[in-house]
Structures are given as C-alpha cells and as structure tokens.
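All remarks here apply to the structure that follows.
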Amino acid sequence: MEYQRDNHPEILTDKFEQFRRDGKFCDFELTCWGLTLKVHHLVLAAASPVFEVTLDTGCKNFRLDFVEPDLLTLLVDFMYTGTALCSLVSKISVTSTKVQALMCAANFLELDDLVNACADHLTSQLQQSNALSIYRSAKECKRLALMEDAQRCYYREFLGLPLERFLELLSSTGIASRQAKEMIPRLRLLVRSWSITPGKQIVVYQSLFTVQQFSKATVATCPILFKKEAIICLEALP
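Heads up: the sequence shown is residues 1 to 238, going by full-length UniProt numbering.
Here's what the structure looks like:
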C-alpha cells in the first residue's frame, strides 16, 4: 500500500512556524540591533545556502547588524513560511529604500526568490529621485534587468531637466568617475536637446565639467567630445 498526503509539506511548514512562535525546540539565534530571534537551525539551513554552510560549523548564533530589525523579522518569516512575496513586501513601509535594503539582505543570504520579488517591486517604483540608488542596489545584487531599467529611467528624466536643475542633481547624487565616463555621450545629447547655439554649448559643457566627478582624463577618453563645439572646454578642465 502506498499513500501520499497531498498537503504534507504545508503541514510541516505550519508546524515549524508554530514551534517558532511558541519558542519550542529552538536551537539557534539571529541577532541584530538588540533584537534576538530564536529559530530552528534546520529550517534556516534548508532555506539559505549561507546558513547551510555557517551552521555546519556548529555555531549557535549569527549576527546580522547590517539588517534592520523589522527586515530581519521579514527574512525569518519568509524562510519559515515562503509567504507570497508580494504580501511579504507589502508588510513593510514600502519605500524604495526599505525594499532595497530587504533585497540586499536577501541577496546576502542567497534567497533568490525574495531578491527577484524585491527587484520586480523596485522596477514598478522607479523614478528620477530613486533611480541612481536603485541602480546601485541592483548592481550589488547582480540584477541586470533592474540595472538597465534604472539607468534608462535616470537618463530619461535628466533629458527633460533645465540646466540648473541638472547640475544640482548631478552634483548631489554621488556619481563615480566610471559612471561619469558612461554619462558623457548622454550629456552631449542633453545639451543638444536644449536647442542652444554652438557657442552657448561650449559654456554649458564647461559648466557641466565643473562637477567634481568629471576630469580632463575622463573626458579625453570619450571620442564623441572631440567635436568643434566641445574641444575648447577640454583646456579648462582640471
């Protein structure tokens, strides 16, 4: 005779979660920022490759001080229940910063399904004010589609900005030199979109390149700038 209980995995999952809620049979602790969560090491090892390796050493405690307490609780809930990811994300105050932090923490623990759910949510929340931050988080988590979406959003929004606002944002967003190099061809498109004379374009280029992230060495590596309307400004660069 062979018998298979259809909901056996769900029953076990519910039972493990109930044990955790009741504090029964817990043999491992997760801590962060003064919060301590008692858990079962077998559940964590089954859910996360990182914990599988860590717990094989016999340790009884794991610190995650880079994770905020509310996010650690969500991570544990997910590892125990596999809660529908859209519902999981909706439990926190859904700011892009919070979801980015959740995505990075899940990425550290190699919870790929949760990382992907966060990436999908962030894609739907992209706007100029958060695109660069989301790009960085996506890069850390190696989510190429989200990186591309964030980059497109960032440049698309910039194309509609007046010069003064553009310079203000460019100076405040902390663009690294390697990103500055990638932006230079797009800067030329932006300048041309303002429909100003070549002489005025030179003045604009000089203003753009006073932003600290740009240097003469960076600009000189981009052949697209070796045009008559931009070559003069190279002499003024640091």
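Built from N, CA and C at the ideal position, the CB exists for glycine as well.
Beta-carbon proximity of residue i to residue j, cut-off 8 Å
{"i": "Gln-125", "j": "Tyr-135", "result": "no"}
{"i": "Thr-123", "j": "Leu-102", "result": "no"}
{"i": "Cys-153", "j": "Ala-131", "result": "yes"}
{"i": "Tyr-80", "j": "Arg-20", "result": "yes"}
{"i": "Leu-64", "j": "Leu-30", "result": "yes"}
{"i": "Thr-54", "j": "Phe-62", "result": "yes"}
{"i": "Cys-104", "j": "Ser-129", "result": "no"}
Opening and closing residue of the beta strand (DSSP E) in which residue i lies
{"i": "Thr-36", "result": "35-39"}
{"i": "Leu-30", "result": "28-32"}
{"i": "Arg-63", "result": "61-63"}
Endpoints, alpha helix (DSSP H) assigned at residue i
{"i": "Arg-21", "result": "8-22"}
{"i": "Met-79", "result": "69-81"}
{"i": "Leu-122", "result": "112-124"}
{"i": "Lys-139", "result": "128-140"}
{"i": "Thr-54", "result": "49-55"}
{"i": "Met-103", "result": "96-108"}
Identity of the residue in the options nearest residue i by Cα
{"i": "Leu-144", "options": "Leu-30, Ser-129, Asp-120", "result": "Asp-120"}
{"i": "Pro-49", "options": "Lys-139, Asp-149, Glu-110, Cys-141", "result": "Glu-110"}
{"i": "Gly-58", "options": "Ser-133, Phe-28, Thr-36, Glu-68", "result": "Phe-28"}
{"i": "Trp-33", "options": "Asn-107, Glu-68, Thr-95, Ser-129", "result": "Glu-68"}
{"i": "Phe-108", "options": "Gln-127, His-8, Phe-51", "result": "Phe-51"}
{"i": "Asp-14", "options": "Thr-83, Val-115, Gln-127, Leu-114", "result": "Thr-83"}
Exercise. With a cut-off of 8 Å, do at least 3 Cβ pairs link the segment 67-82 to the segment 42-57?
Worked result: yes
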